[in-house]
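Colleague: Here it is, the structure, as structure tokens.
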């Protein structure tokens, strides 16, 4: 029986939250069963863009309000794909939520901040949520994108030849796959 998980992501453009209902056979990715996208309301997107661009002071209560508003959008995206889960939704083991990045500097500040209260997403979807991937990776010396090399390895690694994968996004990154041994995979940011 396949294990099911939902992945949630929003990009640097801050235009929408994307959800993917994914199946896993043991520890191997076996496919995407469904996807959905939920656009940010225009007012929320404007607030997020202003916050990211200005990096200005914001009262904590307003930041918490934004955190919850983003979480509600992330939960809506998850709920949009959840009915597509085969059998019953209890087979969805977890939701992986990236959150909306509003600050990212792994080199100098050695931190990254994402909005999207994972506890609220869990409450709204009645599904366990794992989150805070970027800060965990930075704390361990990474650049804040720990899932990209693992995903690239699952899809593209092979014993026949080394491979390099370029992920072009708001923050571009590279994954180096020296072979089919997952312990050799490594990745890093290359710039905006």
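In this note's numbering, the protein residues as written are 131 to 322.
Cβ coordinates follow ideal geometry from the N, Cα and C atoms, glycine included.
Using 8 Å as the threshold, is the stretch 310–320 in touch with the stretch 284–295, meaning 3 or more CB pairs across them?
Modeller: Cβ pair count under 8 Å is three or more, so yes.
Colleague: Taking DSSP's pairing of strands, which residues face residue 270 in a bridge?
Modeller: Looking up residue 270 in the chain shown gives position 140. Answer is none; residue 270 lacks a bridge partner.
Colleague: Would you check if the distance between the CB atom of residue 151 and the CB atom of residue 211 is smaller than 7 Å?
Modeller: Here residue 151 is taken as the residue at index 21 of the chain shown, counted from 1. Here residue 211 is taken as the residue at index 81 of the chain shown, counted from 1. Yes. Within cutoff.
Colleague: Along the chain, where does the beta strand (DSSP E) that runs through residue 169 open and close?
Modeller: Here the question's residue 169 lines up with position 39 in the chain shown. Its beta strand (DSSP E) spans residues 158–169.
Colleague: Nearest CA to the CA of residue 147: which residue from 167, 262, 159, 160?
Modeller: Translated into positions along the chain shown, residue 147 becomes position 17. Taking only the C-alpha atoms, the option nearest residue 147 is 167.
Colleague: Apart from the five residues just before and just after residue 231, which ones in its own chain have a Cβ nearer than 6 Å to its Cβ?
Modeller: Working through the chain shown from its first residue, we reach residue 231 at position 101. Correct list, in chain order: 244.
Colleague: Could you tell me whether the stretch 151–165 touches the stretch 173–181, where touching means 3 or more Cβ pairs closer than 8 Å?
Modeller: Output reads no: the stretch 173–181 does not touch the stretch 151–165.
Colleague: Measuring CA to CA, which of 137, 260, 296 is closest to residue 283?
Modeller: As a first step, residue 283 must be located in the chain shown, where it is residue number 153. Looking at the Cα atoms, 296 is the closest of the given residues.
Colleague: Going by the CB atoms, is the gap between residue 205 and residue 251 shorter than 7 Å?
Modeller: Here residue 251 refers to the residue found at position 121 when the chain shown is read from its first residue. Here residue 205 refers to the residue found at position 75 when the chain shown is read from its first residue. A contact, by the Cβ cut-off of 7 Å.
Colleague: By how many angstroms is the C-alpha of residue 294 removed from the C-alpha of residue 215?
Modeller: As a position in the chain shown, residue 215 is number 85, starting the count at 1. As a position in the chain shown, residue 294 is number 164, starting the count at 1. Cα to Cα, residue 215 sits roughly 33 Å from residue 294.
Colleague: If we call anything under 7 Å between Cβ atoms a contact, is residue 137 one with residue 300?
Modeller: Locating residue 137 in the chain shown gives position 7, counting from the first residue. Locating residue 300 in the chain shown gives position 170, counting from the first residue. In this structure, residue 300 does not lie closer than 7 Å to residue 137 by Cβ.
Colleague: Considering only their Cβ atoms, is the gap separating residue 278 from residue 246 smaller than 7 Å?
Modeller: Along the chain shown, one-based indexing puts residue 246 at 116. Along the chain shown, one-based indexing puts residue 278 at 148. Contact flag unset, no.
Colleague: Which complete alpha helix (DSSP H) runs does the stretch 217–272 hold, if anything under 4 residues is left out?
Modeller: Qualifying alpha helix (DSSP H) stretches, in chain order: 248–255, 263–269.
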